[in-house]
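Everything on this sheet refers to the single structure shown next.
In the numbering used here, the protein residues as written are 1 to 208.
As structure tokens, this is what we get:
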């Protein structure tokens with residue numbers, strides 16, 4: 001019994017020793033979202049979207065996915081679900097535009113690229129709305145991130161699904177920029193609160 005208790009205490013200490021992975025997940029999400037959203041907002045040519053593929057694979061994708069795995073280790077089911085899912089989102093987004101997958105090429109030849117991407121984005125809007133509901137008992141910063149992200153996905157989906165609705169893509173771009181800025185703020189708040197030597201902390205709002 002003493003050995004079992006000692007092993008249990010060791011497991012607890014190992015979990016406690018894991019650093020907070022949320023700032024990494026939020027930062028990877030924010031930076032990748034920001035770059036793509038500036039293109040959607042019309043700040044840069046549409047062809048510049050290819051630069052996002054690398055970010056989507058390694059920072060927004062792999063980095064955020066790993067943050068989700070570490071959240072599972074800390075016992076944070078919500079954070080694990082969110083980071084793992086959005087990490088997978090960025091990986092799947094990159095896969096669409098990687099030439100060797102043939103996905104974008106096949107959809108373009110079938111003349112259904114916009115419709116397919118629109119359905120894809122709409123599904124992510126629905127999933128993000130579910131996470132938004134789940135965040136209502138966490139903190140205001142996270143509520144804002146997921147709220148703006150839901151609107152971003154919805155606007156981008158409409159921009160793809162509705163003929164001649166490029167305005168929605170532009171709106172989605174600006175909403176994505178706001179989402180990224182709020183996510184960066186939340187990531188910084190997490191970094192500061194995790195450091196015992198931080199000279200100040202950032203408020204993230206009370207729980208609902």
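We put the CB at the ideal spot given by N, CA and C, even for glycine.
What three-state label does DSSP hand residue i in the structure shown?
i, result
"residue 165", "coil"
"residue 195", "coil"
"residue 99", "helix"
"residue 44", "coil"
"residue 115", "helix"
"residue 201", "coil"
"residue 189", "helix"
"residue 177", "helix"
"residue 85", "helix"
"residue 147", "helix"
"residue 206", "coil"
"residue 110", "coil"
"residue 75", "coil"
"residue 139", "coil"
"residue 37", "helix"
"residue 20", "coil"
Are the Cβ atoms of residue i and residue j separated by less than 9 Å?
i, j, result
"residue 150", "residue 176", "no"
"residue 30", "residue 128", "no"
"residue 132", "residue 147", "yes"
"residue 181", "residue 34", "yes"
"residue 32", "residue 56", "yes"
"residue 78", "residue 134", "yes"
Going by CA-CA distance only, name the one from the options that's closest to residue i.
i, options, result
"residue 97", "47, 123, 137 and 64", "47"
"residue 94", "62, 112, 196 and 148", "62"
"residue 92", "115, 58, 79 and 78", "58"
"residue 27", "206, 202, 205 and 191", "191"
"residue 69", "136, 54, 178 and 88", "88"
"residue 123", "99, 204, 85 and 134", "85"
"residue 54", "36, 66 and 44", "36"
"residue 64", "103, 90, 104 and 195", "90"
"residue 204", "173, 82, 196 and 136", "136"
"residue 45", "173, 102, 83 and 103", "173"
"residue 18", "50, 121, 67 and 51", "67"
"residue 125", "113, 145 and 112", "145"
"residue 83", "114, 52 and 60", "60"
Does the ligand GTP have even one heavy atom less than 8 Å from the beta-carbon of residue i?
i, result
"residue 93", "This structure lacks the ligand GTP; in fact it carries no ligand of any kind."
contact_flag[the stretch 101 to 113, the stretch 66 to 75] where n(CB pairs < 8 Å) is 3 or more = The stretch 101 to 113, when compared against the stretch 66 to 75, does not touch it at the 8 Å Cβ threshold.
Inter-stretch contact at 8 Å, needing at least 3 Cβ pairs: the stretch 30 to 41 / the stretch 161 to 179 | Judged by Cβ distances under 8 Å, the stretch 30 to 41 makes contact with the stretch 161 to 179, as three or more pairs qualify.
If you pair each beta-carbon of the stretch 177 to 188 with each one of the stretch 18 to 38, do three or more pairs fall below 8 Å?
-> When C-beta atoms of the stretch 177 to 188 are compared with those of the stretch 18 to 38, three or more pairs fall below 8 Å, so the two segments count as touching.
Does the stretch 129 to 146 come close enough to the stretch 157 to 167 that 3 or more CB-CB pairs lie under 8 Å?
-> Counting Cβ pairs under 8 Å, fewer than three are found: no touch.
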